[in-house]
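Per full-length UniProt numbering, the very first residue in the sequence shown carries number 1; after that it's consecutive.
Worksheet: one structure, shown below.
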Amino acid sequence: MNTVIRNVTAADLDRCYAIETVAYEGDEAATREKIATRIATWPEGFIVAEVDGEVAGFVNSGAAFDVQMSDEAFKELIGHDPQGPNVVIMSVVVHPDYQGQGLAKRLMGEFIERMRGMDKATIHLMCKEIHIPLYAGFGFAYIKPSESDHGGMAWHEMILTL
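Shown next, in the form of structure tokens:
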């Protein structure tokens, strides 16, 4: 299995959208338009794992000076500032055909290193309770249950100080 982690390109839009919709439940998945906006607005904060020439997963994000995790508009990068020291991850997703092979861990490790290289101060994310231990393994600290009810689900806020 030949895996390359690289920045997203506009040509990856349809595959990323397909992965998002198959891997997330219902309204939890970002729309094609939101993914297109994230690719066009801040490709530096959007990396993909390509396995044998096919995108198998990705991490995307935005940056801000002030982070409000329950701000739904930020998912469309309203308020995004590439100079912001704080990064907000919006999706960490691997296509079901590639899950269980360590791709999410590779993506997260690479993403964290890239954000360190960009001199970012923190990385924020929201996750389901089941994923708290996964992110804690990368050094994320639990903050609190989130006020967000995105997709009608319960979320938990976490932070990694770089």
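Just so you know, even glycine gets a beta-carbon here, dropped at the ideal spot from N, CA and C.
Between A104 and G57, the beta carbon gap of about 7 angstroms places them in contact (Cβ cut-off 8 angstroms). DSSP lists E157 as the bridge partner or partners of K144. The Cβ-Cβ distance between R106 and V55 does not fall below 8 angstroms.
Residue pairing from DSSP places A49 in a beta bridge opposite I5 and G57. One Cα belongs to D119, the other to N7, and the distance between them is close to 18 angstroms. One thing to note: S61 has its Cβ within 8 angstroms of the Cβ of V87. Between R116 and L162 the beta-carbon gap is near 5 angstroms, inside 8 angstroms, which marks them as a contact. Taken through DSSP and simplified to helix, strand or coil, V22 comes out as helix.
For L125, the enclosing beta strand (DSSP E) has its first and last residue at T122 to C127. One Cα belongs to E110, the other to V4, and the distance between them is close to 11 angstroms. Following the DSSP letters along the chain, one finds M90 inside the beta strand (DSSP E) bounded by residues N86 to V94. Here G45 is buried: its Cβ has 16 or more other Cβ atoms, across all protein chains shown, within 10 Å.
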